[in-house]
Amino acid sequence: MVLSMAKEAQLPEKTASQDHGTKRLKHAPILEEDRINTLPDSILLTILSSFPTKDAIKTGVLCKRWAYLWTSVPSLSFTDTSYENEAAFATAVDDALLLHRAPKLTNFSVKFEYRPELKPRVDLWLRFATTAKVDQLSLCLSSCITPEEYTLPQHLYANEFVSKMDFGNCIIEPKGLIGWSSLKHLYFGFTSLTDDVINEVLLGSPRLESLELHNCYRFNRLDIVSASLKKFVMFHSYYGDEGWDENELLELEIVAPKMESLEIVGTLYNMKKCRIKDLSALVEVKVDFEIPIEEDDQTKYCESENVVRELFESLQQVKKLFVGQWCLLVLFIMSMERLPSPLLKCKYLTMKTSMPRCVLPGIESLLQISPYVETLVIDVELHYRLSSHDLESLLSEYDEVNQWKSKEIYFEPLLRCLKIVKIFGFRNIFHTSEVFHTNEVFILVVQFLLKNAKVLEKMDIIEPRVMQTQTCNVLHECLQVAQKLLSFPRSSPHAVVMFPMLVKPF
């Protein structure tokens, strides 16, 4: 106290003028340097290119320099959100293109609710983009009110500049040869594609590296023959008047020596064949599909088994594999019927499942044919359900838990290479009415992995980022699981189990 008083005594008193000056400084406006306007136009145009075009146009009111700066942006993106109607949206696009003056476009994207009366204007938009030698072109339309879809203009099928194209709800009907000599990435969504059109696309795209078909229909045989294709995705999530005819069968055969990634996802009706040839470059495959089967349809059962068997025979050399729940169940049914399953050489294996009891034998079957796995990922989704309830009913009388426990000796030779285990979405394993640590399937799988993985280094039980809330209930559940896992024997002395909300591993 004495020291502080002495210091106060040493401080000089402020004069009246000094005090007035201090107050004046406190209330003086702070003028910050305008750094944005010191940037060159090239950088400003790059920034504006990341905006939706509607927002980029609004920057014209900032100052004289910005008034028409947006007209030189190399990227244009239009969506119909916040417009009174589609006619107003079309007028806004027309006005923007009328003022735009960039000689070259890197990107041109339009997404809106299509109306047949707007076809001439959409034609002009596409002509504008191709005249500007656009590099990436996207036309994603929706037609909820009218069933009439937009037909791509014929000039679009001869383009030597575009490298990426996305088309949604468009009719693809080339009347001549396709010439997409620079095209590397192609996406079709909700589009009617015949077998011939797909073949013409592949023939006319000699540099195509990525092909994605999302909810496309009307084709029966997909012969994907390409010397350049590196990625192929087929996704189907609905079935109705615009799906495959119930009497038509789908055959998929792929010959792509440079293909590195393959995804077959969704509900594939009437799939009869799925075969891949010449896959020396194939590294990553995702098979998360199901083939709906009517009750007591023995022929369809056999066809489905053949599809899975042929597919897995094609994937023996793949290093990274993602398998969905339906395929897990089919693999087990095949083992019950003593049908041969190919031995896989994958080192990174992901299984997607909602962890029902009936999936245990499927996990067992997949692990039996995957002895070289080094990293195992179990992706748990609570709402991951199958439409093929007949498969689950087929297993209803099978005692999965006791069968799993009785095969512990048989499991012993497995998992000799397993080092890393990751379990995503562990809170999805239980319902709110259940207690997490009593879930038999999860406990059995974890117990088995800890007991049989002799070189296991780490097991991560990972919470989805959107659910990482450390409430008291969540922490209590985590501690209960931790206590349960602590009681399990581990064959690897170096195995560490990691929880997202615990302070340290155990």
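If you're matching positions, the sequence shown starts at 1 in UniProt numbering and goes up one per residue. We put the beta carbon where it would ideally sit given N, CA and C, even for glycine. Just so we're clear, the structure is a prediction, and the values are computed from it rather than from any experiment.
Nearest-angstrom Cβ-Cβ length linking residue i and residue j, presumed shorter than 8 angstroms
i	j	result
Leu48	Trp70	6 angstroms
Leu349	Ile369	With a Cβ gap of about 10 angstroms, Leu349 and Ile369 do not count as contacting.
Lys373	Cys417	Sequence check: residue 373 is Val here, not Lys. Yes, they are in contact, since the Cβ atoms of Val373 and Cys417 sit about 6 angstroms apart, within 8 angstroms.
Pro153	Ser181	Contact flag wrong, Cβ pair sits at about 19 angstroms.
Phe112	Phe128	About 16 angstroms separates the two Cβ atoms, so there is no contact after all.
Leu415	Asn452	5 angstroms
Check whether residue i and residue j have beta carbons under 7 angstroms apart
i	j	result
Ile171	Val197	no
Val318	Cys274	no
Ser491	Lys458	no
Gly425	Val380	yes
Ser163	Ser138	no
Leu250	Ser228	no
Leu450	Phe499	no
Glu148	Asn169	no
Ile254	Leu268	no
Thr53	Ala96	yes
Val134	Leu105	yes
Gly189	His236	no
Thr130	Asn159	yes
Leu252	Leu222	yes
Ile378	Met351	yes
Phe232	Leu203	no
Lys484	Asp460	no
Residue i classed as buried or exposed, judged by whether at least 16 other C-beta atoms fall within 10 angstroms
i	result
Thr191	buried
Lys230	buried
Asp94	exposed
Val466	Here Val466 scores only 43 on pLDDT, less than 50, and its place in the model should not be relied on; the value that follows carries that caveat. That one is exposed.
Thr432	Unreliable positioning characterises Thr432 in this predicted model, as indicated by a pLDDT of 39, which lies under 50. A coordinate reading is not provided.
Gln316	exposed
Asn85	exposed
Cys63	exposed
Ser82	exposed
Leu486	exposed
Gln325	buried
Tyr68	exposed
Phe219	buried
Ile43	exposed
Thr353	buried
Which of helix, strand or coil DSSP assigns to residue i
i	result
Thr353	strand
Thr267	strand
Tyr157	helix
Val283	coil
Phe89	helix
Asn107	strand
Cys358	helix
Glu457	coil
Ser72	helix
His100	coil
Glu113	strand
Asp41	helix
Glu261	The question names Glu, but residue 261 is Ser in the sequence shown. The answer is strand: DSSP assigns Ser261 an E or B state.
Glu434	Model confidence at Glu434 stands at a pLDDT of 42, short of 50, so the residue's coordinates are unreliable and nothing is read from them.
His494	coil
Phe190	coil
Cys327	helix
Straight-line Cα distance separating residue j from residue i
i	j	result
Met355	Met234	25 angstroms
Val496	Leu367	21 angstroms
Phe312	Tyr114	42 angstroms
Phe420	Ile363	First, the residue type needs correcting, since residue 420 is Ile and not Phe in the sequence shown. Cα to Cα, Ile420 sits roughly 17 angstroms from Ile363.
Val201	Ile178	6 angstroms
Met259	Ser314	13 angstroms
His389	Cys358	Per-residue confidence for His389 stands at a pLDDT of 49, beneath the threshold of 50, marking its modelled position as unreliable; no derived number is given.
Leu185	Ile443	Here the sequence assigns His to residue 185, which means Leu is not the residue at that position. Roughly 44 angstroms between the two C-alpha positions.
Cys346	Leu321	7 angstroms
Ala92	Ile293	49 angstroms
Phe436	Glu303	Caution is warranted here: a pLDDT of 41 is assigned to Phe436, below 50, making its placement in the model unreliable, and the coordinate value is therefore given only provisionally. Each residue's alpha carbon lies about 38 angstroms from the other.
Ala132	Leu126	10 angstroms
Pro361	Phe332	6 angstroms
Leu118	Pro40	38 angstroms
Glu284	Lys175	36 angstroms
Ile264	Pro257	18 angstroms
Phe167	Ser77	15 angstroms
Gln298	Met336	15 angstroms
Ala56	Pro120	26 angstroms
Leu339	Glu305	9 angstroms
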